[in-house]
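Residue numbers (my numbering): 14 to 344.
Remarks on the structure that follows.
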Amino acid sequence: MHKSYALLVGSGYGIFKLLICAKRIIRRLLSSKKIREEKMKSKKRSRTAQMAAVIRALHWAYESPVVFEDPFAGQLAGPGWQFLCKSRLLYLFATRTIYKSLDPIRRQVLARARYAEDKLREALESGVRQYVIIGAGLDSFALRRSDLDGKIRIYELDHPATQQAKKARVEELNLRLPKNHEFVPIDFEKENLCHALAGSSYDPEVPAFFSWLGTVHYISQPAVFQTLTSIQSCACPESELVFDYAIPEKHYSRQDHKTVSDLKRYTKRRGEPIISMFDPDVFPRQVSQLGFSLLENVSPQEQAGKYFNATGKKEKIMPGSYFIHFRVMEK
């Protein structure tokens, strides 16, 4: 055998063995005691919120250009996931092999976070002084923007189990939430958003910015419209709302169906199936009839162009996922 050929074969075999080894390491880590404990704790809290935090953490640590900076995401995700986030080798292996098909979904998580905070920044410049994060999950805005203490009040709304897990994690990490931050527990399927906010220091007479990310997909359509009605009734004019939603599969191309199927399978296995989708032409009109003025309805193609294709790359973002921006109208 020619020496160069033998070297090539040998190095190829070495890489193959390295990949097999990395795959085994990931599987062992995912079944490790810390991860098992995290899974046990997460039975009653949002596991998609946990994975969104992992996505933000890995992006901030290893990807460039950075679309969304979140230095706290890895810590909040939990000790097991934090370990995974610290390994560049495991990150590369996972994102280029096991989870490669989920790339468009990862980009959507980053883009929606960036879009919401871009719009929030503009709203703050216009005089908004309250920020209501609906379905906050492991959002770290209050930790990242302690400089806004005294300038804005922050309200995190989420299921009590998710909030309890987050509070426990913040305490474990010895992190300090600013005084302008409040947790507001709510079960979106059973409770009214206005009633939940009434138990906090939220002022319905002061303009507020509402963000509602990664949540609409997982609750029933009646609950979605009930929440929108509640927002309109307890927010004064000039308040704003940003959220993301999915469109029906009939709008997807054949190629996009696989990506959407991967996401549905992924979330269903984690106990949070996608159950609500809305027509991108009809839905904005339905929401406007509730007392909102449409400012923007951003398609996946526009999202990719805004946040991922500036360097000339043609990165694909989650098909069928829209970002929508409304302003509360005069009552």
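Note that CB positions come from ideal geometry on N, CA and C, so glycine has one too.
query                                                                                                                                                                           : result
Which whole runs of the beta strand (DSSP E) in the segment 261 to 337 are 3 residues long or more, in chain order?                                                             : 305 to 311
Would the segment 121 to 138 and the segment 302 to 317 be scored as touching if the rule is three or more Cβ pairs under 8 Å?                                                  : yes
Between residue 342 and the rest of its own chain, which residues show a CB-CB distance below 7 Å, the 5 nearest in sequence each way excluded?                                 : 250, 304, 305 and 306
Excluding the 5 residues preceding and the 5 following residue 227 in the sequence, name in chain order all residues of the same chain whose CB lies nearer than 8 Å to its CB. : 61, 62, 65, 122, 125, 148, 150 and 257
Could you tell me how far apart the beta carbons of residue 170 and residue 141 are, in whole angstroms, since I believe they sit closer than 8 Å?                              : With 8 Å as the limit, residue 170 and residue 141 do not qualify as a contact, their Cβ atoms being about 17 Å apart.
Cβ of residue 233 within 8 Å of Cβ of residue 202?                                                                                                                              : yes
CB-CB under 6 Å to residue 144, same chain, minus the five flanking residues each way: which ones, in chain order?                                                              : 165, 167 and 222
Just the C-alpha distance for residue 211 and residue 245, rounded to the nearest angstrom, thanks.                                                                             : 14 Å
When DSSP labels each residue in this structure, what does residue 341 get in the three-state scheme?                                                                           : strand
Let me make sure I understand the geometry here. Which of 109, 112 and 119 has the alpha-carbon closest to that of residue 79?                                                  : 119
According to DSSP, residue 223 sits in a beta bridge with which residue or residues?                                                                                            : 145 and 254
Does DSSP put residue 195 in a helix, a strand or coil?                                                                                                                         : strand
What residue range is occupied by the uninterrupted beta strand (DSSP E) comprising residue 166?                                                                                : 166 to 171
Can the beta-carbon of residue 264 be found less than 8 Å from the beta-carbon of residue 333?                                                                                  : yes
Just to confirm, are residue 115 and residue 279 a CB contact at a threshold of 8 Å?                                                                                            : yes
What does the Cβ neighbour count give for residue 266, buried or exposed, with the cut at 16 atoms within 10 Å?                                                                 : exposed
Tell me, please, which residues DSSP counts as bridged to residue 259.                                                                                                          : 334
Skipping 5 residues on each side, what residues in its chain have a beta carbon closer than 7 Å to that of residue 330?                                                         : 117, 120, 121, 124, 313, 316, 317 and 321
For the candidate residues 208, 268 and 272, whose alpha-carbon lies nearest to that of residue 243?                                                                            : 208
Assign residue 112 to one of three DSSP states: helix, strand, or coil.                                                                                                         : coil
Report back the beta-carbon spacing between residue 98 and residue 136 to the nearest angstrom; my notes put them in contact at under 8 Å.                                      : About 31 Å; that fails the 8 Å criterion.
Is the beta carbon of residue 132 sitting closer than 8 Å to the one on residue 338?                                                                                            : yes
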